[in-house]
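Asks:
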Amino acid sequence: MASVVVCARVSCSLQGQVCCMRVRELRGWPNASEVWLTKVGNTIRSREDRFTVITLVRPRAMQILLLLLILTLIIRLTSSSPPLDPVACSNGMSNCTVTNANGYFPDRSICRAANAIYPRTEQELLAAVAAAAVAKRKVKVATRYSHSFTKLTCPGGRDGTIISTRWLNRTVQIDGKKGLLTVESGMVLSDLMRVAAAAGLCLPNSPYWSAVTVGGLLATGAHGSSLWGKGSAVHEYVVGIRIVTPAPASQGFAVVRELGADHPDLDAVKVSLGVLGVISQVTLALQPLFKRSVTFVTRDESDLADQVAAWGGLHEFGDIRWLPHQRKVIYREDNRVDISSPGNGLNDFPAFWSLPAHEIVAARVEEERREEDNGGTDDDARCSAAQQSTVALERQGHGFTNDGVSFTSYPVVGYQHSMQASSACVDSPEDGLQSACFWDPRLRGPSLYNPAFTVALSRAPSFLADVWRLRDLHPSAFCTLHGAMGVQMRYVKASSAYLGKPEDSIAVDIAYYRSRTRGVPRAHADVVDELEQMALRKYGGVPHWGKSRNFAFDGAIARYPKAGEFLEVKDRYDPDGIFSSEWSDQVLGIKGSPIVVGKGCAIEGLCVCSDDSHCAPEQGYFCRPGKVYAEARVCRFEEDNEARIDDEL
Ligand SMILES: Cc1cc2nc3c(=O)[nH]c(=O)nc-3n(C[C@H](O)[C@H](O)[C@H](O)COP(=O)(O)OP(=O)(O)OC[C@H]3O[C@@H](n4cnc5c(N)ncnc54)[C@H](O)[C@@H]3O)c2cc1C
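Under my numbering, think of the first position of the sequence shown as 29, with each following residue one higher.
#1: Are there 16 or more other CB atoms within 10 angstroms of the CB of Leu-153, so buried, or fewer, so exposed?
#2: Once DSSP output is grouped into helix, strand and coil, what is the label at Ala-522?
#3: Quick check on Glu-632: buried or exposed, where buried means 16 or more other Cβ atoms within 10 Å of its Cβ?
#4: Check the C-beta distance from Asp-347 over to Gln-516 and give it rounded, since I have them as a contact under 8 Å.
#5: Suppose you measure from the CA of Gly-257 to the CA of Thr-311; what does that come to, to the nearest Å?
#6: What whole-angstrom Cβ distance do Tyr-443 and Glu-558 have, given they're in contact under 8 Å?
#7: Who are the Cβ neighbours of Arg-661 in its own chain at under 7 Å, not counting the five residues just before and after it?
#8: Residues bridged to Met-517 by DSSP?
#9: Are the beta-carbon atoms belonging to Gly-340 and Leu-255 less than 7 Å from one another?
#10: According to DSSP, is Thr-311 part of a helix, a strand, or is it coil?
#11: Is Thr-199 near Gly-244, with beta carbons less than 7 Å apart?
#12: Could you give the DSSP three-state label for Leu-383: helix, strand or coil?
#13: Would you kindly work out how many angstroms separate the C-alpha atoms of Asp-331 and Met-513, rounded to a whole number?
#14: Identify which residue in Val-299, Val-393, Pro-370, Val-597 has its Cα closest to the Cα of Ser-523.
#15: Measuring alpha carbon to alpha carbon, tell me which of Phe-428, Gly-371, Lys-627, Lys-164 ends up nearest Pro-276.
#16: Can you give me the C-alpha to C-alpha distance between Phe-581 and Trp-350, rounded to a whole angstrom?
#17: Could you say which of Arg-544, Gln-279, Trp-496 lies nearest to Glu-395 if we only look at CA atoms?
#18: Any heavy atom of ligand 1 closer than 6 Å to the Cβ of Leu-245?
#19: The beta strand (DSSP E) spanning Val-495 covers which residue range?
#20: Three or more C-beta pairs closer than 8 Å, one from the stretch 213-228 and one from the stretch 449-459: is that the case here?
#21: If you run the structure through DSSP and keep just helix, strand and coil, what is Tyr-601?
#22: Measuring alpha carbon to alpha carbon, tell me which of Gly-131, Gln-335, Asp-135, Cys-182 ends up nearest Ala-142.
#23: Does the beta-carbon of Thr-83 have 16 or more other beta-carbons within 10 angstroms, so that it is buried, or is it exposed?
#24: Apart from the five residues just before and just after Asp-366, which ones in its own chain have a Cβ nearer than 8 Å to its Cβ?
#25: According to DSSP, is Lys-566 helix, strand or coil?
#26: Should Ser-486 be labelled buried (16 or more other beta-carbon atoms within 10 Å of its own) or exposed?
#27: What residues match up with Phe-466 in a beta bridge as DSSP calls it?
#28: Could you compute how far the alpha carbon of Trp-195 sits from the alpha carbon of Met-121?
#29: Which residue marks the beginning of the beta strand (DSSP E) containing Leu-245, and which one marks its end?
#30: Just curious, the alpha helix (DSSP H) that Leu-421 is in, first and last residue?
#31: Here's the rule: buried if 16 or more other CB atoms are within 10 angstroms of the residue's CB, otherwise exposed. What is Ser-260?
#32: Determine the contact status of Asp-431 and Ala-480, defining contact as a CB-CB distance below 7 Å.
#33: Can you give me the start and stop residues for the alpha helix (DSSP H) that Val-223 sits inside?
#34: Taking its Cβ as the centre, do 16 or more other Cβ atoms sit within 10 Å of Leu-501, making it buried, or is it exposed?
#35: Who are the near neighbours of Ala-525 in its chain, counting only those whose CB is closer than 6 Å to its CB and skipping five residues on each side?
#36: Nearest-angstrom Cα distance between Ala-390 and Leu-421?
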């Protein structure tokens, strides 16, 4: 096949070499982006030329790009471009779209709404809910950045209303003596941490990412890692909530309900998926500011199953990162220490740094080439990149610095508010999109799935033993798990919240490549999908409300023993279901299913395959049973079949 490409300079230039992009039309890869690395002005006349060029420039270019992508450790920027508001309206405050921080939901959609409202006071919020209730219009709350991956912020249809909590972000009251902090629900976690620390207080646990809002993190049951005390989910620290719900005409169509610590409805409102109303204010029981001491220890994996069962009991904030391909485990020893312990450490996780825009684009270009060229068979490159990123991250103290500037040695000791979470790419000053979070949708950077699910702690050792067997069958498949992250495991305590974790659990987080082109398979998806199906179906795990892919929610609500109590509160608070959407009805088991069956649905994470057409048979991907968990159904690449189809064609 002869083709001619004259390279033009584009943003991913690398010291005289440039990335030339064109759309190729090879069979099985319609419209895939192909990248040719060569010198500016070069003319490429055939595919053979292209392979020569790639071979010449790949080793050096790839090394640079992979390091950029995974670790973001080469350049540390102090500026960034904070994400845009997830709500955009084309006509003042009407004719709006709403999305998340990635720019699209797992089904690749964005949502529409008739209008958006940005209340600045509880009174304005009350009026906004009343207006929607009178009209029986669908409503959803959006937040400053909307960091949930799932379709939680869509009101459904095109006629709904978005209420943004962007300007409901103030401190209402702080009682240092009682350790109580009341904030408006749109306050971002990093601000809450700062406000609390200024009063000598702290939130004892939180997600590791601090650009989420109080209302959003509560709605999705977001957590850090701990089995101690009240545990790692922020909702465990809630002792009061004011929530605005619809009401009968006699009460003005909307009311503020005030729930104290002992109110029976608090267990519904604390983790609500946003379907009960708009939380206006939250009161949290904080603790006197403490210090903690962090050390990362890398060990072989031989006793991983035993350690997972024990680690959460040994270390208050302990977590575990398993790197299955490297047969290594990184244990985080993380404990509270006396406030007088010396140290001014800072948590500044590299994946949350801002990156130069052109490097974000270049990283994605290289990632696409590696993942989609030749069916993503470049295992060696992927595994060596993962290994390099682990080494670099270890050298960088896993993002912890001893003094806020550099990492010298463990332990890193610091104040809780400096150690519990980070979000540098959101917190840095605006620089006109010269740099951003790597997932910023304004740049065509890396696109990832980031599923998370919890498995009961009692079943975690057996689950890990199964994953271990899966790994032994195909070690390099695990290099598709993003960079140094591998399989991250954190601890979450059983909760009284109806939609909180039913049992003490490990929360498993993984991240992997997602094509920007619908229906394009990813390398070794069969192995990772088997892992997820195993966790959810064989071991009765539950998906993170804000993170997982559609198929994970199928039937998940049945694993919440108190779901019925939740729905009873929902019927009382919002009998017309104006805060409910198609998505919330599906995941709560009220109506419909989150599964979308159709051609290529399993490739997109929208279904579990039951037919080859749910995979990509024309590209050699067929629906097959799992290799360890035989009940799993996954899309597997089969070269023989592909060759047969080639012959037939
Ligand atoms: C980079 C990154 C790192 C992450 N790290 C973690 C982690 O360490 N641990 C973890 O558990 N999760 C983590 N997550 C997931 C994230 O914490 C949750 O998805 C979180 O809920 C998002 O909060 P948000 O403020 O962006 O809310 P949104 O995503 O905007 O909203 C979530 C839901 O809450 C509802 N809602 C928001 N405010 C209100 C309100 N005032 N009243 C009623 N409903 C409301 C919304 O309508 C929506 O239904 C991470 C996500 C990203 C992108």
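Don't be surprised by glycine CBs; every beta carbon is placed ideally from N, CA and C. The structure presented is a predicted model; accordingly, all values stated were derived computationally and were not measured.
Replies: Answer, in terms of the structure:
#1: Leu-153 is buried by the Cβ-count criterion.
#2: In the three-state reduction of the DSSP assignment, Ala-522 falls in the coil class, being assigned neither a helical nor a strand state.
#3: It is buried - the Cβ of Glu-632 has at least 16 other Cβ atoms within 10 Å.
#4: That pair is a contact at about 7 Å.
#5: For the pair Gly-257 and Thr-311, the Cα-to-Cα distance works out to about 18 Å.
#6: No, Tyr-443 and Glu-558 are not in contact; Cβ-Cβ is about 42 Å, not under 8 Å.
#7: Excluding positions up to five away in sequence, the list reads Val-636, Cys-637, Ser-638, Cys-651, Pro-653.
#8: Met-517 is bridged to Ile-348, Val-536.
#9: Going by C-beta atoms, Gly-340 is nearer than 7 Å to Leu-255.
#10: Of the three classes helix, strand and coil, the one that applies to Thr-311 here is strand, per DSSP.
#11: Taking 7 Å as the Cβ cut-off, Thr-199 and Gly-244 do not qualify as a contacting pair.
#12: Here Leu-383 sits in strand by DSSP.
#13: Asp-331 and Met-513 have their C-alpha atoms roughly 19 Å apart.
#14: It is Val-299.
#15: Residue Lys-164 is the option with its Cα nearest to Pro-276.
#16: Taking the straight line joining both Cα atoms gives about 25 Å.
#17: In this structure, Arg-544 is the residue among Arg-544, Gln-279, Trp-496 with its C-alpha nearest to the C-alpha of Glu-395.
#18: At least one heavy atom of ligand 1 is nearer than 6 Å to the Cβ of Leu-245, so yes.
#19: Segment 488-501 is the alpha helix (DSSP H) holding Val-495; no beta strand (DSSP E) there.
#20: Three or more beta-carbon pairs drawn from the stretch 213-228 and the stretch 449-459 are found closer than 8 Å, and the two stretches are therefore classed as touching.
#21: Here Tyr-601 sits in helix by DSSP.
#22: The residue with the shortest Cα to Cα distance from Ala-142 is Cys-182.
#23: Because the pLDDT of Thr-83 is 33, which lies under 50, any placement of that residue in the model is unreliable, and the question is left without a value.
#24: So the qualifying residues of the chain are Lys-319.
#25: Residue state, collapsed to three classes: helix.
#26: Counting Cβ neighbours within 10 Å, Ser-486 comes out exposed, since fewer than 16 surround it.
#27: In the DSSP output, where bridge partners are listed per residue, Phe-466 has none listed.
#28: Between Trp-195 and Met-121, the C-alpha separation is close to 15 Å.
#29: Per DSSP, Leu-245 lies in no beta strand (DSSP E); the unbroken alpha helix (DSSP H) holding it starts and ends at 242-247.
#30: From DSSP, the alpha helix (DSSP H) with Leu-421 extends over 407-423.
#31: With 16 or more other Cβ atoms inside 10 Å of its own Cβ, Ser-260 counts as buried.
#32: Not closer than 7 Å, so no.
#33: Per DSSP, Val-223 is one residue of the alpha helix (DSSP H) stretching across 217-226.
#34: With fewer than 16 other Cβ atoms within 10 Å, it is exposed.
#35: Spatial neighbours of Ala-525 in its own chain (CB-CB distance under 6 Å, excluding positions within 5 residues in sequence) are listed in chain order as His-263, Asp-295, Lys-298, Val-299.
#36: Cα-Cα distance, rounded: 21 Å.
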